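K.L.:
Positions in the sequence shown are counted from 1; adding 3 to them yields the numbering used here. Just so it is clear, CB atoms sit at the ideal spot from N, CA and C, and this is done for glycine as well. None of the values given here were measured: they were computed from a predicted structure. Below are the structure tokens for one structure; questions will follow.
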Amino acid sequence: MQMQNEKRNIPHVDSIRNTAADFGIGEWTIRQWVKQKKFPVIMSGRKILINYDVFTDFLNGDKVS
Numbered sequence: 004m005q006m007q008n009e010k011r012n013i014p015h016v017d018s019i020r021n022t023a024a025d026f027g028i029g030e031w032t033i034r035q036w037v038k039q040k041k042f043p044v045i046m047s048g049r050k051i052l053i054n055y056d057v058f059t060d061f062l063n064g065d066k067v068s
């Protein structure tokens, strides 16, 4: 019962296409950054998912690992 009252910390992740649209950045640019390993991503099979918090930190110039 206690789990229902606690807020779950589930990260917001999305595809490259949706991330590009949400942030106004080209898909190709994001794909190049992923290829260069500029920030960590989540792989689900062949699909690449981007954590919005990590991506925002990257765009703000914060160190991401």
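Suppose you measure from the CA of residue 57 to the CA of residue 43; what does that come to, to the nearest Å?
P.N.:
Taking the sequence shown and counting its residues from 1, one reaches residue 57 at position 54. Taking the sequence shown and counting its residues from 1, one reaches residue 43 at position 40. Straight-line Cα distance between these residues: approximately 8 Å.
K.L.:
In terms of DSSP beta bridges, what is residue 17 paired with?
P.N.:
On the sequence shown, residue 17 is found 14 positions in, with the first residue counted as 1. Its beta-bridge partners are 53.
K.L.:
For residue 45, count the other beta carbons within 10 Å of its own beta carbon; 16 or more makes it buried, fewer makes it exposed. Which is it?
P.N.:
Reading the sequence shown from its first residue, position 42 is the one you call residue 45. Classification for residue 45: exposed.
K.L.:
Which residues in the same chain as residue 80 place their Cβ atom closer than 7 Å to its Cβ, once the five residues preceding and following it in sequence are excluded?
P.N.:
Residue 80 cannot be examined here, being either before or after the span of the chain that is shown, 4 to 68.
K.L.:
Exposed or buried, residue 13, counting other C-beta atoms within 10 Å across all chains shown (16 or more means buried)?
P.N.:
The residue given as residue 13 occupies position 10 in the sequence shown. It is exposed - the Cβ of residue 13 has fewer than 16 other Cβ atoms within 10 Å.
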